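*Asks:* A single structure is presented below for examination.
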Amino acid sequence: MQSSLVLQNLVSAPVLFFFLGILAVLLGSDLEIPSPLPKLFSLYLLLAIGFKGGLELAHSGLGPQVVLTIGAAVLMSLLVPLSSFLILRSWLDPFNAAAIAASYGSISAVTFITAESFLNVLKIDFDGFMVAALALMESPAIVVGVLLARVAASSADTVKKSQKGNIAWNEILREAFLNGSVFLLIGSLVIGGLVASFSPTGLTKMEPFTDKMFYGALCFFLLDMGIVAAQRIQDLRRAGPLLIAFAILAPLVHAAVGLALSLALSLPQGDTLLFMVLCASASYIAVPAAMRMTVPQANPSLYISSALGVTFPFNVVIGIPIYMALIQRFVPAS
Amino acid sequence: MQSSLVLQNLVSAPVLFFFLGILAVLLGSDLEIPSPLPKLFSLYLLLAIGFKGGLELAHSGLGPQVVLTIGAAVLMSLLVPLSSFLILRSWLDPFNAAAIAASYGSISAVTFITAESFLNVLKIDFDGFMVAALALMESPAIVVGVLLARVAASSADTVKKSQKGNIAWNEILREAFLNGSVFLLIGSLVIGGLVASFSPTGLTKMEPFTDKMFYGALCFFLLDMGIVAAQRIQDLRRAGPLLIAFAILAPLVHAAVGLALSLALSLPQGDTLLFMVLCASASYIAVPAAMRMTVPQANPSLYISSALGVTFPFNVVIGIPIYMALIQRFVPAS
Amino acid sequence: MQSSLVLQNLVSAPVLFFFLGILAVLLGSDLEIPSPLPKLFSLYLLLAIGFKGGLELAHSGLGPQVVLTIGAAVLMSLLVPLSSFLILRSWLDPFNAAAIAASYGSISAVTFITAESFLNVLKIDFDGFMVAALALMESPAIVVGVLLARVAASSADTVKKSQKGNIAWNEILREAFLNGSVFLLIGSLVIGGLVASFSPTGLTKMEPFTDKMFYGALCFFLLDMGIVAAQRIQDLRRAGPLLIAFAILAPLVHAAVGLALSLALSLPQGDTLLFMVLCASASYIAVPAAMRMTVPQANPSLYISSALGVTFPFNVVIGIPIYMALIQRFVPAS
Amino acid sequence: MKRIDLFLNEREANRVCKALHKAGAPGYSVMRHVTGRGLAGEISEDMDFSGLGANAHIVAFCESHMVNRLREAVKPLLELYGGVGFVSDAEPL
Amino acid sequence: MKRIDLFLNEREANRVCKALHKAGAPGYSVMRHVTGRGLAGEISEDMDFSGLGANAHIVAFCESHMVNRLREAVKPLLELYGGVGFVSDAEPL
Amino acid sequence: MKRIDLFLNEREANRVCKALHKAGAPGYSVMRHVTGRGLAGEISEDMDFSGLGANAHIVAFCESHMVNRLREAVKPLLELYGGVGFVSDAEPL
Ligand SMILES: Nc1ncnc2c1ncn2[C@@H]1O[C@H](COP(=O)(O)O)[C@@H](O)[C@H]1O
Ligand SMILES: Nc1ncnc2c1ncn2[C@@H]1O[C@H](COP(=O)(O)O)[C@@H](O)[C@H]1O
Ligand SMILES: Nc1ncnc2c1ncn2[C@@H]1O[C@H](COP(=O)(O)O)[C@@H](O)[C@H]1O
Ligand code: NA
Ligand code: NA
Ligand code: NA
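Protein chains in written order, with our numbering: chain A, 1 to 334; chain B, 1001 to 1334; chain C, 2001 to 2334; chain D, 3001 to 3093; chain E, 4001 to 4093; chain F, 5001 to 5093.
Put into structure tokens, the structure is as follows:
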């Protein structure tokens, strides 16, 4: 069962284009998607996923199941950075530990989308409100990450007094909630909800853009993510074996916790996979951009290469089908 | 009636994304659509709108109604700069007055498109040949603007003799007719007409690109226009209250004149709205690019911020539904 | 017959947008598609054409007809550079002769796509495996080109000893097989085949992206190619009349050889046109990028302006309909 | 040898390059998409979609005796359209 | 007159520009999308899609006596976030 | 301290950077998408879609005694592929 799921995932177009990008780097091809084209795809994916999530949220409404699920997701985005920080602190300084912890508390929208595509192929339903969970997991993880860095730093007295109170709450909250990608995702979610509620004719006119193009654009973006992830591999040497181990074990552990929570919430199979993927994935879009400004003492190559160079490929290639295999074992098909 | 139209406009996806862009700037988000992505959308919108206009023009033919309407539009693009210039001269130097006047004589394609989307939502028909009117209003306004600057400058004797005859007709005409966006719009119009007449199979193959993607691409572009318009707001302080008042009153007055002309031409409701919007809108694509070269003495922040920072949001957000409310009062539904 | 085919080609949207680009330059318009937008379209076209070719190859399988046709194509990509080199050597130094020869041995994907569109308009079928032929003609031509430059250079003793063995096989093969555009095309072909074989639901989800958008994106790209080709025209003066004559005669001769081979292989009309176009077209994407690195002594403006400034417009505008007219004469309609 | 650095609006860059070439500059390099601040206030890439663009940075290395001629070629354009220019010492590598 | 060249991450460029302006710089120019290598290793445009960006190159020409003030404005930011700065001689064109 | 400015085709920029690094340059910065004119005529961004690109501008600041080693590392590449280089004086900020 499990191996057939892995295989089915491996031959899907998005995953194959991801491999093509990796291969390009490994073989030394000069294939590149020049900047800012990857940004175009990343903006597009966030806009489309937010819009679709918003309209489905408008349809499903905010029932108790929805609120509980979103609440559980936000809880995970607070707990994961804390537990990760405690583990990472055993060999990393507080700044790097906090930045990496924030990354794992937050989510990877592309991993989420790839899981959705996987569910589509398996013809398993999932609920649109899961996108709301996705959107609401980014900011808390960033806030926790920055606070951990501050607290640990001031107690460790490694920084000069003058630097301590330097960056205001004001800035932390801006990076957490107004970070371009977080803002676009939440904004599109709200717009999708408003349009679905008040101007339904607008939905069919958006559909070719937000729906039809989606899968192809995802392939294109994953081609670039393959290139970028592979280029990060050489950074991994600097990261060291402990961080690499963390980057593989963390998603497994967080996915297991996510499974337990999903069972407690009796989520259906599709939503369970998405919930597990939210817990298991690590952010390499919003969090790096936020950490660079708020925890400049942390080394970007560490938090980027673990999240993007290890955890992301792991989840996209093997994680998703493994989680699905577990789900088929524990969650009854509806 | 009018307030429900305003509301219906406010909850449409394009306008909501425009607001999202404004909000991003006001809240201090770092959301940006990096250059040259906005150019991609602006080129796309011009190509698509021109192509669709051309094919509809080919279907409708150049009957007397079509010719008269286009003639009235061109007339407005000659008169509006003249009257605007006379008003603006009361507090501005000839260069700035001429550049702003050219902008208000010309049109904003995005405002036009937003009005089309609004008509679609209201399920009110409109004629494709209105795009031809749009395309033909840019150049005359630019020519008049440059000539006004020249004449006023030489009579005011504020420039050195040597500079007077400096820039040839040659250059004015190039900026007026060969400006990239004007050229692409007119070229696509002609191509749409040729393909519709001689190679109809080509139409269905273009349709997914020029038609289906259109609404979504408009949303994306308006997100960026929201960002850019909001960034112009701080320029407004320099512009002064008189110019801000002009930027709000001019569209209302020009729309009213447009309504009168439409009634005289007995245009149906949809075409009347488009005609009013053509008169009411001000150019922030073709005209700034042309004025920068031909009237370098004018301050770009004045003509850009009035057209893009005030008149554009005004038209898109409140102007269009107000014009529609007037139309429903004066123009019989067909 | 022939003149009606020429006309039918001239009024197709892609060719008209190509003209629009040329016209923009000739008239002095400032229309430009800023970098890297053309790259977006070129990556997209390669990805889409490869993907579609791969899935059709998966459907048709690798029968003897397919293998023979591809073999004939690869043969042409080896022979054309050799014969071209011999001719070009009569007035050019070995480096420039070799680089131009490589260009004519290789192919132009956009010319191929334009021929496909032309067949679509004429409602003539063609086989998807022709894309495999396209993909496999680039690398051999590059290898032959580089080897010719090396051999000729060392026998002519025009280079210092130290430079001779300087660039390893390693690099030649990388430029030939791992050049970004070659790699993306072949990779997408393989992915298309894998998805078609193992994950057919993925096909319908890719279709709006790879299929529906294709024609419009081709128009956009050809608009830019028109601009670029026209800008090359002034380089032609430096190229001299002999090279211009070569750039017009070579496609005709190579197309004729292609026609003979197609007859021998008894290819149907559609495949024959594509085969002729593969032989007749010259590369201006993969080959220049490869020659710049491997034969730096050659002058890029010579090989780019002959392939892109002369042969490409010739094929797209008159070549394709002429070849079709010949085919209608010699190849029975199926 | 001297190095000339010019900063001006992208839209005029072509004109200035042509003027440099005509005045005999042995070469020049142009960087576009330059933002900045000067007498005319802040310049961003916002209006790039309209063809107006941001600033361009033009660098030209030339023999010291050429500086006067290049200055004469370029100054009137900078005065008409705005923009600034600087000179410094340099040597060929 | 002096020329100041700064290289630092794009994400901090705005802050540095504001600091220059506040410290009285008569103008500055910013080139983004700069890649390179320094103490922090290689910087590419890979992460541009995330908003992290590559480096920015900021150039400011100013009177020689201003250099100290601009240095004081900019140095703390370079120390906190990383980045390098250089000064050389220049003249107005 | 010295400043080295190199202008060459984008496609060779990586090689030159590697050569600089190997020769011991403490750092460098690369600006791509540079257009210009030199002995090889005008270079535009036209062919960017093909991977050929326009020019790159590489800047490296180094101790004066390093200039010779960097020159030796870079000159052969400039001679093979084309491109120009200049040196001038600079100080750390
Ligand atoms: N002191 C300066 N240092 C560096 N760049 C400058 C300086 N002054 C002006 N610039 C650049 O030149 C452009 C035009 O300057 P201006 O004409 O003074 O507005 C500005 O937008 C800046 O990019
Ligand atoms: N010696 C140098 N010459 C030119 N650019 C440099 C030099 N050192 C550092 N840089 C640039 O400054 C950036 C930041 O440097 P660093 O903070 O040392 O990593 C690098 O990524 C380079 O772009
Ligand atoms: N004198 C110069 N000043 C500034 N840039 C130059 C100069 N000469 C050449 N370049 C740049 O170096 C590139 C290559 O020069 P070349 O190899 O002489 O064609 C040109 O395309 C320009 O971008
Ligand atoms: Na997570
Ligand atoms: Na108007
Ligand atoms: Na060929």
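Positions of the beta carbon are idealized from the N, C-alpha and C atoms, including for glycine. Since the model is a prediction, treat every value here as computed from it, not as a measurement.
Who are the near neighbours of I3043(D) in its chain, counting only those whose CB is closer than 6 Å to its CB and skipping five residues on each side?
*Replies:* Within the fourth sequence, numbered from 1, the residue matching residue 3043(D) stands at position 43. Around I3043(D): T3035, G3036, A3054 and N3055.
*Asks:* Starting from R1089(B), trace the beta strand (DSSP E) both ways and give me its first and last residue.
*Replies:* Start at 1 with the first residue of the second sequence, and residue 1089(B) comes out as number 89. Where R1089(B) is concerned, there is no enclosing beta strand (DSSP E), given that its DSSP letter is neither H nor E.
*Asks:* Taking the beta carbon of N3068(D) as the centre, do at least 16 other beta carbons fall within 10 Å, making it buried, or is it exposed?
*Replies:* Within the fourth sequence, the letter at position 68 stands for residue 3068(D). Result: exposed.
*Asks:* List, in chain order, every chain C residue whose beta-carbon is nearer than 8 Å to that of N5009(F).
*Replies:* To locate residue 5009(F), count along the sixth sequence from 1; it is residue 9. Correct list: R2292.
*Asks:* Run through the DSSP bridge pairs and tell me what P4092(E) is partnered with.
*Replies:* Reading the fifth sequence from its first residue, position 92 is the one you call residue 4092(E). DSSP, once it has assigned bridges, lists F3086(D) as partnering P4092(E).
*Asks:* Whole angstroms are fine: how far does the CA of L2236(C) sit from the CA of R5015(F)?
*Replies:* The residue you call residue 5015(F) lines up with position 15 of the sixth sequence. The residue you call residue 2236(C) lines up with position 236 of the third sequence. Straight-line Cα distance between these residues: approximately 31 Å.
*Asks:* For the stretch 1117-1128 of chain B and the stretch 1266-1280 of chain B, state whether three or more C-beta atom pairs, one from each stretch, are separated by less than 8 Å.
*Replies:* With a cut-off of 8 Å, the stretch 1266-1280 of chain B and the stretch 1117-1128 of chain B count as touching, because enough Cβ pairs lie within range.
*Asks:* How is E3079(D) classed by DSSP in three states: helix, strand or coil?
*Replies:* What you label residue 3079(D) is simply residue 79 of the fourth sequence in a count that begins at 1. Correct three-state label for E3079(D): helix.
*Asks:* When Cβ atoms are compared, which residues of the stretch 2123-2151 of chain C fall closer than 9 Å to chain F?
*Replies:* Within the stretch 2123-2151 of chain C, no residue has a Cβ that lies closer than 9 Å to any Cβ of chain F.
*Asks:* Are the stretch 1134-1146 of chain B and the stretch 1176-1183 of chain B in contact at 8 Å, needing three or more beta carbon pairs?
*Replies:* Yes, they touch.
*Asks:* Touching or not, the stretch 5070-5090 of chain F and the stretch 2250-2260 of chain C, by the rule of three or more beta carbon pairs under 8 Å?
*Replies:* No: the two stretches stay apart, fewer than three of their Cβ pairs being nearer than 8 Å.
*Asks:* Go ahead and label R2238(C) buried or exposed: buried means 16 or more other beta carbons lie within 10 angstroms of its beta carbon, across all protein chains shown.
*Replies:* Start at 1 with the first residue of the third sequence, and residue 2238(C) comes out as number 238. Burial call: exposed.
*Asks:* Please confirm whether any heavy atom of ligand 1 lies closer than 7 Å to the CB of G4024(E).
*Replies:* Within the fifth sequence, the letter at position 24 stands for residue 4024(E). For ligand 1, not one heavy atom lies less than 7 Å from the Cβ of G4024(E).
*Asks:* What span of residues does the alpha helix (DSSP H) with S2301(C) cover, start to end?
*Replies:* For the purposes of this step, residue 2301(C) is identified with residue 301 of the third sequence, where counting begins at 1. Looking at the DSSP string, the run of the alpha helix (DSSP H) that includes S2301(C) is P2300 to I2304.
*Asks:* Could you work out which residues of chain A lie near Q2199(C), taking near to mean beta carbons separated by less than 8 Å?
*Replies:* Translated into the one-based positions of the third sequence, residue 2199(C) becomes position 199. The sequence given here has Ser at residue 2199(C), not Gln. What S2199(C) touches in chain A: Q8, V11, S12, A13 and V121.
*Asks:* I'd like to know whether the C-beta of K160(A) is nearer than 8 Å to at least one C-beta of chain E.
*Replies:* On the first sequence, residue 160(A) is found 160 positions in, with the first residue counted as 1. Per-residue confidence for K160(A) stands at a pLDDT of 48, beneath the threshold of 50, marking its modelled position as unreliable; no derived number is given.
*Asks:* May I ask you to report which of helix, strand or coil DSSP gives N1179(B)?
*Replies:* Taking the first residue of the second sequence as 1, we reach residue 1179(B) at position 179. Coil.
*Asks:* With a threshold of 8 Å on Cβ separation, who are the neighbours of G2187(C) within its own chain once the five nearest residues in sequence on each side are excluded?
*Replies:* Working through the third sequence from its first residue, we reach residue 2187(C) at position 187. Here the set comprises G2050.
*Asks:* Would you call F19(A) buried or exposed, if buried means 16 or more other Cβ atoms sit within 10 Å of its Cβ?
*Replies:* The residue labelled residue 19(A) in the question sits at position 19 within the first sequence. With 16 or more other Cβ atoms within 10 Å, it is buried.
*Asks:* How many angstroms separate the CA atom of L2075(C) from the CA atom of A2133(C)?
*Replies:* Residue mapping note: residue 2075(C) aligns to position 75 of the third sequence, counting from 1. Residue mapping note: residue 2133(C) aligns to position 133 of the third sequence, counting from 1. Approximately 10 Å between the Cα atoms of the pair.
*Asks:* Please state whether DSSP places F3007(D) in a helix, a strand or coil.
*Replies:* Locating residue 3007(D) in the fourth sequence gives position 7, counting from the first residue. Correct three-state label for F3007(D): strand.
*Asks:* Can you give the Cα-Cα distance for K164(A) and A289(A), rounded to whole angstroms?
*Replies:* If you number the first sequence from 1, residue 164(A) lands on position 164. If you number the first sequence from 1, residue 289(A) lands on position 289. Low confidence applies here, because K164(A) scores a pLDDT of 47, under 50, leaving its location unreliable and the question unanswered by this model.
*Asks:* Taking the runs of the beta strand (DSSP E) that are 3 residues or longer, which of them lie wholly in the stretch 242-271 of chain A?
*Replies:* You should have found no qualifying run.
*Asks:* Note down the Cα distance separating F2220(C) from F2017(C), rounded to an integer number of angstroms.
*Replies:* Taking the third sequence and counting its residues from 1, one reaches residue 2220(C) at position 220. Taking the third sequence and counting its residues from 1, one reaches residue 2017(C) at position 17. The straight-line gap from Cα to Cα measures roughly 7 Å.
*Asks:* Quick check: the stretch 3006-3020 of chain D against the stretch 3082-3089 of chain D, are at least 3 beta-carbon pairs closer than 8 Å?
*Replies:* As far as the Cβ criterion goes, the stretch 3082-3089 of chain D touches the stretch 3006-3020 of chain D, which means the pair count is three or higher.
*Asks:* Are the stretch 2295-2308 of chain C and the stretch 2222-2234 of chain C touching, with three or more C-beta to C-beta distances below 8 Å?
*Replies:* The answer is yes - the stretch 2222-2234 of chain C touches the stretch 2295-2308 of chain C, with three or more Cβ pairs under 8 Å.
*Asks:* Mind checking whether S2283(C) and S2108(C) have CB atoms under 8 Å apart?
*Replies:* Mapped onto the third sequence, residue 2283(C) falls at position 283. Mapped onto the third sequence, residue 2108(C) falls at position 108. In this structure, S2108(C) lies closer than 8 Å to S2283(C) by Cβ.
*Asks:* Let me check you understand the geometry: is the CB of A3019(D) closer than 7 Å to at least one non-hydrogen atom of ligand 3?
*Replies:* Working through the fourth sequence from its first residue, we reach residue 3019(D) at position 19. The answer is no for A3019(D).
*Asks:* I need the boundaries of the beta strand (DSSP E) containing N4094(E), first residue and last residue.
*Replies:* Given that chain E is displayed from residue 4001 to residue 4093, the structure contains no residue 4094(E) and the question cannot be resolved.
*Asks:* Helix, strand or coil: how does DSSP classify Y3028(D) here?
*Replies:* The residue labelled residue 3028(D) in the question sits at position 28 within the fourth sequence. Y3028(D): strand per DSSP, three-state reduction.
*Asks:* Quick check on K1205(B) - is its C-beta less than 8 Å from some C-beta in chain D?
*Replies:* The count along the second sequence starts at 1 and reaches residue 1205(B) at position 205. No, because no Cβ of chain D sits closer than 8 Å to the Cβ of K1205(B).
*Asks:* Consider the Cβ of N2315(C): report whether some Cβ of chain A lies at a distance smaller than 8 Å.
*Replies:* Position 315 of the third sequence, counted from the first residue, corresponds to residue 2315(C). Not closer than 8 Å to any Cβ of chain A, the Cβ of N2315(C) fails to qualify, so no.
*Asks:* Return the chain-ordered list of same chain residues with a C-beta closer than 8 Å to the C-beta of L2189(C), the five sequence neighbours on each side being excluded.
*Replies:* For this step, residue 2189(C) is matched to residue 189 along the third sequence. The residues are G2050, F2051, G2053, G2054, L2057, V2131, A2132 and A2135.
*Asks:* Within 10 Å of its beta-carbon, does H5057(F) have 16 or more other beta-carbons around it, so buried, or fewer, so exposed?
*Replies:* The residue you call residue 5057(F) lines up with position 57 of the sixth sequence. Result: buried.
*Asks:* Does the pairing of the stretch 1201-1209 of chain B with the stretch 2209-2216 of chain C give three or more beta-carbon distances under 8 Å?
*Replies:* Contact between the stretch 1201-1209 of chain B and the stretch 2209-2216 of chain C is present, because at least three Cβ pairs lie under 8 Å.
*Asks:* Taking only runs that begin and end inside the stretch 110-160 of chain A, name each unbroken alpha helix (DSSP H) of 4 or more residues, in chain order.
*Replies:* Fully enclosed alpha helix (DSSP H) runs of 4 or longer: 130-136 and 138-156.
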